[in-house]
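**Q** If you scroll down you'll find the structure; I have some questions about it.
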Amino acid sequence: MSSNKKRRGNYNEAREKVKPNPELMRALEQIGGERGISTEVLIDAIEAALISAYKRNFGSGDHHV
Numbered sequence: 004m005s006s007n008k009k010r011r012g013n014y015n016e017a018r019e020k021v022k023p024n025p026e027l028m029r030a031l032e033q034i035g036g037e038r039g040i041s042t043e044v045l046i047d048a049i050e051a052a053l054i055s056a057y058k059r060n061f062g063s064g065d066h067h068v
């Protein structure tokens, strides 16, 4: 297994253990309901945007995102 896949696996395990903020989840559910988008798709899009912004501002280097 590549180290990238291993890191991603650890990330996914950690993500499942994190307790989401109830207010944020309600807001995402409301936005998703209004636009016909699932909450998970919204979370994935926000996550991708944050990773992209981090890489753009700090470079990909040896940082683990």
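So the sequence shown is residues 4 to 68, counted in our numbering.
We put the CB at the ideal spot given by N, CA and C, even for glycine.
Keep in mind the model is a prediction, meaning the values are calculated, not measured.
1. Applying the 10 Å Cβ sphere with the 16-neighbour rule, what's the burial state of L92?
2. Quick one: complete alpha helix (DSSP H) runs, 4+ long, within the segment 17-49?
3. According to the neighbour-count rule (16 or more other Cβ atoms, all chains shown, within 10 Å of its Cβ), is L27 buried or exposed?
4. Taking its Cβ as the centre, do 16 or more other Cβ atoms sit within 10 Å of S6, making it buried, or is it exposed?
**A** So, from the listed chains and residues:
1. Only positions 4 to 68 of the chain appear in this structure, which leaves residue 92 out of reach.
2. Counting only runs of 4 or more, we get 25-38.
3. Here residue 27 refers to the residue found at position 24 of the sequence shown. Its Cβ having fewer than 16 others within 10 Å, L27 is exposed.
4. By 1-based counting over the sequence shown, the position of residue 6 is 3. Unreliable placement is indicated for S6, whose pLDDT of 47 sits below 50; the coordinate value is still reported in the next sentence. S6 comes out exposed.
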